[in-house]
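Quick note, the sequences are listed as chains A and B, same order. 2 is the number of the first residue of the first sequence in this note's numbering; add one for each residue after it. 2 is the number of the first residue of the second sequence in this note's numbering; add one for each residue after it. Just so you know, even glycine gets a beta-carbon here, dropped at the ideal spot from N, CA and C. Remember, predicted model here, so these are calculated numbers, not experimental data.
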Amino acid sequence: MAIGDIAGLKLGPATRDAFGEALVELGGRKPEIVVVDADLANSTMASKFQTAYPDRFIEVGIAESNMVGVAAGLATCGKEAWATSFSVFLLANAYDQIRVSVAYPKLNVKLCGSHSGISIGPDGPSQMGIEDIALACALPGFTVIVPCDAEQTKAAVQAASALDGPVFIRTGRSKTPVIYANGNSFTLGKANTIREGKDITLIACGLTVALALDAAKLLADQGIEARVLDMATVKPLDEEAVAKAAKETKGIVVIEEHLLDGGLGSRVAMAAAKTSPAPMAFVAVDNTFAESGLPEDVLKKYGFTPENVVTAAKSVLSR
Amino acid sequence: MTETQARADIPALKETARLLRKDIIEMTTKAGSGHPSSSMSAAEVVAGLYFGGILRHNPAEPKWPDRDRFVLSKGHACPVLYAALANTGYFPLEWMDHLREIDAPLEGHPNYLRVPGAEASTGSLGQGLSIGVGMAMAGHMDNKDYKVYVMTGDGEIEEGQIWEAAASAAKFYLPNIVWIIDRNGFQQTGSTKDVMPMDPLAEKATAFGWHVREINGQDMAEVMDALEEAKSYHEGPYCLICNTKKGAGVSFVEGNFHYHGKALTVEETHRALLELGWTAEAAKYAKG
């Protein structure tokens, strides 16, 4: 059983594919857009932009630090520079460059990290960005977006482009269940309530939004009504939606394909603690690297199953 | 719009370098910290760039799109940059009295958002050449004829990113980037030869695809000759290795790495300014 099956979701394109398409659309509209790549364009799907606008595509080779610096230099000259790589290589390898050359001067550089999370599967933990959300959120002034499907990715890319400042967008490798069939998929800084419920709130971003919907269905079968929030903007966080969830339901479960440390769960817990403390549980990668395997096997082993989310929800309700 | 300033003659530029050294020493002494010696080794080159008619720029309009760019990648040497920017009119001279003070714009390392004329936020070594490559690429895309000058230290080039950037400038055959290496021979904990030898440096830069020229970076005439050559060179990236002395201009600081990241004492400031011929200014730091 794949993620999204229980909720009856159709499989759609990978968010990385949607990202590539969105870049092309953007490039046609905005001549100031330049894409910088470090030998992974055919994985991040920046290659679609490369094909459409070769003159505005810069290949720097396997050199993420230089890539980020080049993007920063382009931005000081009025370009909207998009730099792409696997999220772990971008955030972990070029972190100081992102910090000093981009975040500190608040430059208009957009970063897209693909192959996030453990669902990339067989390539193993060296390629899995599982700390990228924490790293990106720790950068002052950064906007951090984790879209859950193709439609939302396109909307997020447009929103990021409309913003004058640094943004990190996280995409995934595999085909993704369709959450948004059409329109209204993304408002920067706002959570989308994609299922109403009075008993408990499930908050997710990226691939785990579909997982939350699966779990919500199983909970409903047991008479528990779960609200599901798609928290696509992880920073700045929709604290109002968190407070509302904490007040109106009996607790919160955060599900993210990321380390427990410093990810969406930490941010939601912080937000709740400030105004409306609530019982919480977290489904995330807990203080470990994952391992190679088929995506469904890896996800299962590290707890990304509807049943595990249901267990987490019940533990919250029992408190 | 101000175009290239008229070229100053060599004696006048030597005077400018002497002025920059005075400002460097005074501002770091007032701050009680900073990197005077790393700034002083670069005084002739910076004087040549800003006062010798090399940079096409307009202090009244720091963001003029057609300006030449100077990126100080060795950001700790910002006193020399601040002195040049203040004396060319980017901001009031008085700003130098408040180096490193809270609420004042001249921070310990250049802040792109607060210092008019600072082309990048630097201070984590190794990043400036990549930024310069991005600027040069943007100029190429926009059919602009500005030139980008990036100054790194010689210790700084131990950072791998420098060589990533060097390779990329060569790949794109950038005719509008000049990499100036202020080779003063020292880094924080000792001589570059002891900490991490990068020799033969000229051969390395050549092998990475740069046209390389090596000069005495303290000789104003040689500096001007090389900067003018670099300015008119359009056959690809140009690398200027400037052999300099850390703390150049003040005998007891010259070549003494113990002055890295340390301001002179009041008494040392007195002696240094006397040595540089700033007698009246030196008197302010005399005992009693």
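With a minimum length of 3 residues, the unbroken runs of beta strand (DSSP E) contained wholly in the segment 199 to 275 of chain B fall at 212 to 217 and 239 to 244. Setting aside the 5 residues that flank it on each side, A/Ser277 is surrounded in the same chain by Ala244, Ala247 and Lys248, each with a C-beta closer than 6 Å to its C-beta; the list follows chain order. For the pair B/Asn244 and B/Met225, the Cα-to-Cα distance works out to about 14 Å. Nearest to B/Leu277 by C-alpha distance, out of B/Gly250, B/Ala87 and B/Tyr113, is B/Gly250. Taking a contact as a CB-CB distance under 8 Å, the pair A/Pro178 and A/Gly21 does not count as one, their CB atoms being some 19 Å apart.
By the Cβ neighbour-count rule, B/Lys64 is exposed, with fewer than 16 other Cβ atoms within 10 Å of its own. Boundaries for A/Pro123: no beta strand (DSSP E) harbours it, and the DSSP string shows neither H nor E there. Judged by pairs of C-beta atoms under 8 Å, the segment 119 to 135 of chain B touches the segment 143 to 156 of chain B, as three or more such pairs exist. A direct Cα-to-Cα measurement between B/Phe92 and B/Tyr51 gives close to 14 Å. Distances from the CA of B/Ser233 to each of B/Asn177, B/Lys246 and B/Ala284 were compared; the closest alpha carbon is that of B/Asn177. A/Asn193: member of the beta strand (DSSP E) spanning Asn193 to Arg196, first to last residue. Uninterrupted alpha helix (DSSP H) stretches at least 4 residues long and entirely within the segment 120 to 162 of chain B occur at 129 to 142, given in chain order.
Remark: C-beta atoms of A/Leu212 and A/Pro141 do not approach each other more closely than 8 Å. Under the criterion of beta carbons closer than 8 Å, B/Ala44 and B/Leu21 qualify as touching, at roughly 5 Å.
Contact of B/Leu114 with chain A is assigned, a C-beta pair being separated by under 8 Å. Using a Cβ-Cβ distance cut-off of 8 Å, the segment 157 to 167 of chain A and the segment 107 to 119 of chain A are in contact, since at least three pairs of beta carbons, one from each stretch, lie closer than that value.
For A/Asn94, the number of other beta carbons within 10 angstroms of its own is at least 16, and it is reported as buried.
By the criterion of a C-beta distance shorter than 6 Å, B/Thr89 is surrounded in its chain by Tyr51 and Pro60, once the five residues flanking it on both sides are discounted. Looking at the DSSP output, A/Ile225 bridges to nothing. The Cβ-Cβ distance between A/Met281 and A/Val255 falls below 8 Å.
Each of B/Gln162, B/Asp220 and B/Leu114 was checked against the Cα of B/Gly129, and the nearest Cα belongs to B/Gln162. By the criterion of a C-beta distance shorter than 6 Å, A/Asp18 is surrounded in its chain by Met46, once the five residues flanking it on both sides are discounted.
Listed in chain order, the beta strand (DSSP E) elements of length 3 or more contained wholly in the segment 32 to 103 of chain A are 34 to 38, 58 to 60 and 81 to 87. Each residue's CA atom was taken as its position, placing B/Gly53 and A/Ala72 some 31 Å apart. At a cut-off of 8 Å between C-beta atoms, B/Ile103 does not count as an interface residue with respect to chain A. Within chain B, the residues whose beta carbon sits less than 7 Å from that of A/Tyr105 are Ser122, listed in sequence order. At least 8 Å separates the CB of B/Val81 from every CB of chain A. Put simply, the CB of B/Ile132 is near chain A, with a gap under 8 Å to one of its CB atoms.
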